[in-house]
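Remarks on the structure that follows.
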Amino acid sequence: METTTDYTFDFEQAFATLQGVVKRTPLEFNAGLSLKYNANIYLKREDLQIVRSYKLRGAYNKISGLKPE
95 METTTDYTFD
105 FEQAFATLQG
115 VVKRTPLEFN
125 AGLSLKYNAN
135 IYLKREDLQI
145 VRSYKLRGAY
155 NKISGLKPE
C-alpha cells in the first residue's frame with residue numbers, strides 16, 4: 095500500500111506574516127571553513143535574531159495561523 099501526503103506551504107503568506115517580527119540576517123563568508131573544505135562557505139547569521147534562533151520563524155508562523163478557541 096502506498097500513501098502520499100501533499101505538503102503545501104505558502105511562502106509569500108509566511109513572508110508577509112513575519113514582516114516586522116523577524117529581521118533579515120546576513121550571510122557571512124567564513125574564511126577558515128572555506129580554506130578547510132576548499133569551497134566558498136557562508137554562514138547564515140540567525141544568531142542575530144532577537145531570540146538568537148532560526149526557530150522563531152517557524153514557531154511564529156505556526157502560532158499566528160492557529161484559530162482562536
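So this note's numbering is basically just the index in the sequence shown, starting at one, shifted up by 94. Glycine is no exception: its CB is placed at the ideal position from the N, C-alpha and C atoms.
Below 8 Å, too few C-beta pairs join the stretch 103-113 and the stretch 124-135 to call them touching: fewer than three. Cβ-Cβ distances below 8 Å link Q143 to V116, K117, T119 and L150 in the same chain, with the five nearest sequence neighbours on each side left out; the list follows chain order. DSSP, read as helix, strand or coil, puts E140 in helix. Boundaries for E122: no alpha helix (DSSP H) harbours it, while the beta strand (DSSP E) harbouring it runs L121 to F123, taken from the DSSP string. In the same chain as S158, and ignoring 5 residues on each side of it, the C-beta atoms closer than 6 Å to its own belong to T111, in chain order.
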